[in-house]
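Okay, so here's the structure we're looking at.
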Amino acid sequence: MKNQLSSIKALFRFRIYTIINIIGLAVGVAATLIIVRYIHQELTVDHFCKNLNQLYILTAQRSNGGISIIDNADRNDPNFIDPMKNPEVEGYSYGISYKDDYIIYDEHRYRVNVLVTDSLFLQLMDYPVISGIKTIQRPDDAIITRQYAKHLWGDEEPLGRQFVSSAGYTLTIRGVVDEPDTKSSLQFDLITPVNQGKYMDWTRMGFCIARLAKGTELKSFNEKISKPQSLICFGHSPIQFRLLPLKELYFDKVVSSESSFFLRGNKEHITVLSIVACMLLLVGIFNFINIYTVIILKRAREFGVKKVYGASGIHRFYIKRHLKKQYLCIIPSLFQIRECI
Numbered sequence: 001m002k003n004q005l006s007s008i009k010a011l012f013r014f015r016i017y018t019i020i021n022i023i024g025l026a027v028g029v030a031a032t033l034i035i036v037r038y039i040h041q042e043l044t045v046d047h048f049c050k051n052l053n054q055l056y057i058l059t060a061q062r063s064n065g066g067i068s069i070i071d072n073a074d075r076n077d078p079n080f081i082d083p084m085k086n087p088e089v090e091g092y093s094y095g096i097s098y099k100d101d102y103i104i105y106d107e108h109r110y111r112v113n114v115l116v117t118d119s120l121f122l123q124l125m126d127y128p129v130i131s132g133i134k135t136i137q138r139p140d141d142a143i144i145t146r147q148y149a150k151h152l153w154g155d156e157e158p159l160g161r162q163f164v165s166s167a168g169y170t171l172t173i174r175g176v177v178d179e180p181d182t183k184s185s186l187q188f189d190l191i192t193p194v195n196q197g198k199y200m201d202w203t204r205m206g207f208c209i210a211r212l213a214k215g216t217e218l219k220s221f222n223e224k225i226s227k228p229q230s231l232i233c234f235g236h237s238p239i240q241f242r243l244l245p246l247k248e249l250y251f252d253k254v255v256s257s258e259s260s261f262f263l264r265g266n267k268e269h270i271t272v273l274s275i276v277a278c279m280l281l282l283v284g285i286f287n288f289i290n291i292y293t294v295i296i297l298k299r300a301r302e303f304g305v306k307k308v309y310g311a312s313g314i315h316r317f318y319i320k321r322h323l324k325k326q327y328l329c330i331i332p333s334l335f336q337i338r339e340c341i
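Under UniProt numbering, residues 1 to 341 are what the sequence shown spells out, in order.
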């Protein structure tokens, strides 16, 4: 108990050092935690999907070696062989992302990021549905995110509200999805059906997410679907279809996304931030140790001085007794010197 009280007294006595010490360590730890949290967010992209290990994105390698995200839409090409028509594929979803699109509500135009997709999308990607339908069921259905609904109508109920899409169709909001637990590589405000006006424009390339059956070997499946196909939409230039794990897409540098509907990350940035976080933590710890060492050395110096001058009780007693004797001896001497003068 005496040691604890002594430590507390030392903290109050050297309060400037203590404040600097605590603030420095707190800032270092806080900065490290912020960076670590960001790194964790980047490393867990799309991990909200329950079957993430079974989800893949369709890609195509062209004759020039470039690889890009592609869909499996049938463009009435007799040479097209759908890579999704295989028994290993449990399901797949086709989609197109329209960034900076717009909707019209109450005679006002609002900017919106629209994801045009089919009824299987929310069955493959486990976005949390907080109210309404869990998948597109009818041609006039629409599903909105909670954040965008709050942006438009505040805390009012969005279900049942109607708006006009940029394609000129009247849609009704019948579902609301919330933000997933982890970061998503797909960013959208609104989900609408594919069979509408301009959204049927086959000149715009989309994407295809597939779920393979458990136990399917990706290498064998890619060899199966990678037979070169000379398609009209690619100027009869041969392409090869392949699947890429969705969990690897975020940091992949080879596959390009022409429409930028998937967010992409940088692995080198994560490495640099990891090093910075370690350095900040080490600096904070060493700073704490150094300042605490200064306090200890200062206390040790004071303690040494006190020991030299008799800090202990027995030493103080003998020193006081010796000084009294010397003082008593000096007084008579002073009187004798005065008489002699």
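All C-beta atoms, glycine included, are put in the ideal place defined by N, C-alpha and C. Please read these numbers as outputs of a predicted model, since none were measured by experiment.
Residue i to residue j span [Cα, whole Å]
i, j, result
"Q187", "T271", "25 Å"
"D155", "I173", "15 Å"
"V112", "I16", "54 Å"
"A213", "L246", "15 Å"
"L33", "V283", "14 Å"
"L218", "N53", "11 Å"
"I39", "S93", "30 Å"
"residue 384", "T18", "What the structure shows of the chain is the stretch from 1 to 341, and residue 384 is not part of that stretch, so it cannot be assessed."
"P228", "P87", "20 Å"
"N64", "S226", "16 Å"
"L171", "Y56", "30 Å"
"G215", "K85", "18 Å"
"P139", "N195", "7 Å"
"Q137", "P128", "17 Å"
"V255", "N290", "49 Å"
"K99", "F221", "33 Å"
"C233", "E107", "39 Å"
CB contact flag (residue i, residue j, <7 Å)
i, j, result
"D189", "R146", "no"
"I81", "F207", "no"
"G91", "G132", "no"
"S166", "D101", "yes"
"T117", "L244", "no"
"V89", "A210", "yes"
"D181", "F262", "no"
"L231", "D77", "yes"
"K183", "V45", "yes"
"A31", "L249", "no"
"F251", "G265", "yes"
"L120", "K134", "no"
"I96", "I143", "no"
Opening and closing residue of the beta strand (DSSP E) in which residue i lies
i, result
"L115", "108 to 117"
"S93", "89 to 105"
"L263", "Careful: L263 lies outside any beta strand (DSSP E) and carries neither H nor E."
"residue 342", "This structure cannot speak to residue 342, because the chain is shown only from 1 to 341."
"L212", "207 to 212"
"L190", "190 to 193"
"S68", "67 to 69"
Residue(s) in a DSSP beta bridge with residue i
i, result
"F163", "L171"
"Q229", "I239"
"G132", "G175"
"P180", "In the DSSP output, where bridge partners are listed per residue, P180 has none listed."
"I143", "G175, I191"
"P83", "DSSP lists no partner for P83."
"P245", "Y56"
"L186", "F262"
"V27", "DSSP lists no partner for V27."
"V283", "V283 is not bridged to any residue."
"S256", "S68"
Where the alpha helix (DSSP H) containing residue i begins and where it ends
i, result
"Y250", "Careful: Y250 lies outside any alpha helix (DSSP H) and carries neither H nor E."
"L152", "146 to 153"
"Q123", "121 to 124"
Close-in-space but distant-in-sequence residues of the same chain around residue i (CB under 6 Å, 5 per side omitted)
i, result
"L43", "none"
"Y148", "D189"
"G160", "none"
"R109", "Y102"
"Q61", "I67, Q240"
"K50", "D126"
"I104", "V164"
"P238", "S63, P228, S230"
Sequence-distant residues of its chain with Cβ nearer than 7 Å to residue i (five each side left out)
i, result
"F288", "N21, G24, L25"
"V276", "I35"
"L334", "In this predicted model, L334 has a pLDDT of only 40, less than 50, meaning its place in the structure is not dependable; the value taken from the coordinates is given anyway. No residues qualify anywhere along the chain."
"L124", "L55, G91, S93, I209, R211"
"K267", "F251"
"P158", "I144, A149, I173, V176"
"I330", "Reliability of the predicted coordinates at I330 is poor, the pLDDT of 43 falling under 50, and no value is obtained from them."
Cβ-heavy atom distance, residue i to the ligand ZN, below 6 Å
i, result
"T182", "Absence of the ligand ZN is noted for the structure shown, with no ligands found whatsoever."
Cβ neighbours of residue i in the same chain (closer than 8 Å, five flanking residues each side left out)
i, result
"I130", "R146, V176, V177, D178"
"W153", "R161"
"D74", "F80, D82"
"L273", "I35, Y38, I39"
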